[in-house]
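A quick write-up on the structure given underneath.
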Amino acid sequence: MYKIAVLGDRDSVMGFKALGLDTFFVDNAEEARHALHKAAHEEYAIVYITEQMAQMISADIARYKTETTPAVILIPGKTGSLGIGAQALQSAIERAVGADIG
Amino acid sequence: MASKTINPTRMELNRLKGRLKTATRGHKLLKDKRDELMKQFLEIVRRNRELRAKVEKGLEQANAAFTVASALMSPEMLEQALLYPKQSVELDMKFKNIMSVNVPVYEFHTKNEDPAEIYPYGFAQTSGELDAALEALANVFNDMLELAEVEKTMQLLAADIEKTRRRVNALEYVMIPQFQQNIRYISMKLEENERGNITRLMKVKDMVLQEAHDFKQPANG
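Quick mapping for you: the protein sequence lines, in order, are chains A and B.
Everything in the first sequence is counted per this note's numbering, starting at 1 for the first residue and increasing by one.
Everything in the second sequence is counted per this note's numbering, starting at 1001 for the first residue and increasing by one.
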């Protein structure tokens, strides 16, 4: 049985707790990194992380791209979307196609 | 290219011909795999785009509602209201095989079937905006889950397509031309040896004949 984790600042992820997801409040890159790796080693199949946090630890997130678990998914935080999630999509396309197809 | 290091022997030639055959076959298969992966990938990308737009919009609404709720309630109250969730989610993960890439398929169930169970607090002390925020969040959650599935699939496929593409290119532009060149080199060398051998035999024959019969071959025979 797998679990779902949500990482981000308190205001952004608080609501997910009510839905029954495990939330981790992280306020800086160090905490976020720690929480991400911890979640990856435990039984978390999906880790949602706010874009605000993700942009600080993008190298750590990239590590899990080719692993089957966990799926690290970027979500917009309370300040709105930064477009990083969409950007990640674009870079995956670029990687597959070998060229930027716009 | 690598012709300096290979032996121009028949055995080597046969070996290279076999490898060329395998490489050509492998190239064709990998190319088919790449094309099919690409097809699936583009479909998934399209789905991913849709879902991401939907999820981001939904979360934005939920966040906006939360902001309102937190403005109306004190942080302590809000904290207290959400402290002990009544609902809990469990996730089942299966794998689906897309062209030998294992991609996850998620299936989740909530412990409490009642959709009203997402409100872990009494309604007396909390503002209605908090209910709205949680409802918005609950609505977007299904899409979030699908987004996770689709996005992970996309990442895994992208990695595999990259790998396959590299293999196809390596076969097409390096291995196969190299084999062809080496095969050409060996067969030329062998033919050259053959010709050298025939000339030598003719020469020897001339010498033997001359010695035995004092026979002279006509100049242009």
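Idealized CB from N, CA, C, for every residue including glycine.
C-beta atoms of residue i and residue j nearer than 8 Å
i: G1058 (chain B); j: A1158 (chain B); result: no
i: E1060 (chain B); j: G80 (chain A); result: yes
i: L1147 (chain B); j: I73 (chain A); result: yes
i: L7 (chain A); j: M53 (chain A); result: yes
i: A40 (chain A); j: P70 (chain A); result: yes
i: M1144 (chain B); j: V1055 (chain B); result: yes
i: Q1180 (chain B); j: I1098 (chain B); result: no
i: D27 (chain A); j: F1066 (chain B); result: no
i: L1042 (chain B); j: V1101 (chain B); result: no
i: L1016 (chain B); j: D1160 (chain B); result: no
Cross-strand partners of residue i (DSSP beta bridge)
i: K3 (chain A); result: A:Y44
i: A71 (chain A); result: A:I46
i: G1128 (chain B); result: In the DSSP output, where bridge partners are listed per residue, G1128 (chain B) has none listed.
i: P1120 (chain B); result: DSSP, once it has assigned bridges, lists no residue as partnering P1120 (chain B).
i: N1193 (chain B); result: Partner(s): none; N1193 (chain B) has no beta bridge.
i: Y1257 (chain B); result: This structure cannot speak to residue 1257 (chain B), because chain B is shown only from 1001 to 1221.
i: Y1173 (chain B); result: Its beta-bridge partners do not exist; DSSP assigns none.
i: T1110 (chain B); result: B:V1089
i: G1026 (chain B); result: Note: G1026 (chain B) sits in no beta bridge, so no partner.
i: P1104 (chain B); result: B:F1095
Three-state secondary structure assigned by DSSP to residue i
i: V26 (chain A); result: coil
i: N1007 (chain B); result: coil
i: D1092 (chain B); result: strand
i: G20 (chain A); result: coil
i: I1186 (chain B); result: helix
i: I1098 (chain B); result: strand
i: G77 (chain A); result: strand
i: G85 (chain A); result: helix
i: G8 (chain A); result: strand
i: K65 (chain A); result: coil
i: K1017 (chain B); result: helix
i: I93 (chain A); result: helix
i: S1074 (chain B); result: coil
i: I57 (chain A); result: coil
i: D1160 (chain B); result: helix
i: G98 (chain A); result: coil
i: D1214 (chain B); result: coil
Between the CA atoms of residue j and residue i - distance to the nearest angstrom
i: V1208 (chain B); j: M1202 (chain B); result: 10 Å
i: L1130 (chain B); j: Y1106 (chain B); result: 28 Å
i: S1187 (chain B); j: E1194 (chain B); result: 10 Å
i: T1153 (chain B); j: L1013 (chain B); result: 44 Å
i: F25 (chain A); j: D9 (chain A); result: 5 Å
i: E43 (chain A); j: D60 (chain A); result: 18 Å
i: V13 (chain A); j: A1069 (chain B); result: 14 Å
i: A45 (chain A); j: K1094 (chain B); result: 11 Å
i: G98 (chain A); j: A1071 (chain B); result: 48 Å
i: I1006 (chain B); j: L1171 (chain B); result: 19 Å
i: K38 (chain A); j: T68 (chain A); result: 16 Å
i: T50 (chain A); j: G77 (chain A); result: 5 Å
i: L36 (chain A); j: L1030 (chain B); result: 36 Å
i: L1082 (chain B); j: V1168 (chain B); result: 54 Å
i: I1044 (chain B); j: D1032 (chain B); result: 18 Å
i: I93 (chain A); j: P1120 (chain B); result: 41 Å
i: G1196 (chain B); j: T1022 (chain B); result: 33 Å
i: R1025 (chain B); j: L1190 (chain B); result: 27 Å
i: R1165 (chain B); j: H1027 (chain B); result: 10 Å
i: G15 (chain A); j: S91 (chain A); result: 30 Å
i: Y1173 (chain B); j: L1020 (chain B); result: 13 Å
i: E1076 (chain B); j: D1092 (chain B); result: 35 Å
i: A96 (chain A); j: K1086 (chain B); result: 43 Å
i: S1003 (chain B); j: G1018 (chain B); result: Because the pLDDT of S1003 (chain B) is 49, which lies under 50, any placement of that residue in the model is unreliable, and the number read from its coordinates should be weighed accordingly. Roughly 17 Å between the two C-alpha positions.
i: N1142 (chain B); j: R1034 (chain B); result: 31 Å
i: L89 (chain A); j: M1175 (chain B); result: 33 Å
i: M1 (chain A); j: Q1178 (chain B); result: 51 Å
i: A1138 (chain B); j: L82 (chain A); result: 22 Å
i: D1206 (chain B); j: I1198 (chain B); result: 12 Å
Residue i CB to nearest heavy atom of the ligand SAM below 7 Å
i: E1194 (chain B); result: In the structure on display, the ligand SAM does not appear, and there are no ligands present to speak of.
Interface residues of the region 49-73 of chain A facing chain B [CB-CB below 8 Å]: So the close ones are K65, T66, T68, T69, A71, I73.
Just by C-beta distance, which residues in the region 12-24 of chain A are closer than 8 Å to chain B? Per Cβ criterion, the list reads S12, M14, G15, F16, K17, A18, L19, G20, L21.
For the region 74-85 of chain A, which residues have a beta carbon sitting closer than 8 Å to at least one beta carbon of chain B? Answer set for the region 74-85 of chain A: I75, P76, G77, K78, G80, S81, G85.
For the region 1151-1181 of chain B, which residues have a beta carbon sitting closer than 8 Å to at least one beta carbon of chain A? Cβ contacts with chain A: E1151, K1152, M1154, Q1155, L1156, L1157, A1158, A1159, I1161, E1162, R1165.
Residues of the region 1055-1073 of chain B in Cβ contact with chain A at a cutoff of 8 Å, in chain order, please. Taking 8 Å as the Cβ-Cβ cut-off, the region 1055-1073 of chain B approaches chain A at V1055, E1056, L1059, E1060, A1062, N1063, F1066, T1067, S1070, given in chain order.
Looking at chain A, which residues of the region 1090-1104 of chain B have a Cβ within less than 9 Å of any of its Cβ atoms? Listed in sequence order: E1090, L1091, D1092, M1093, F1095, N1102, V1103, P1104.
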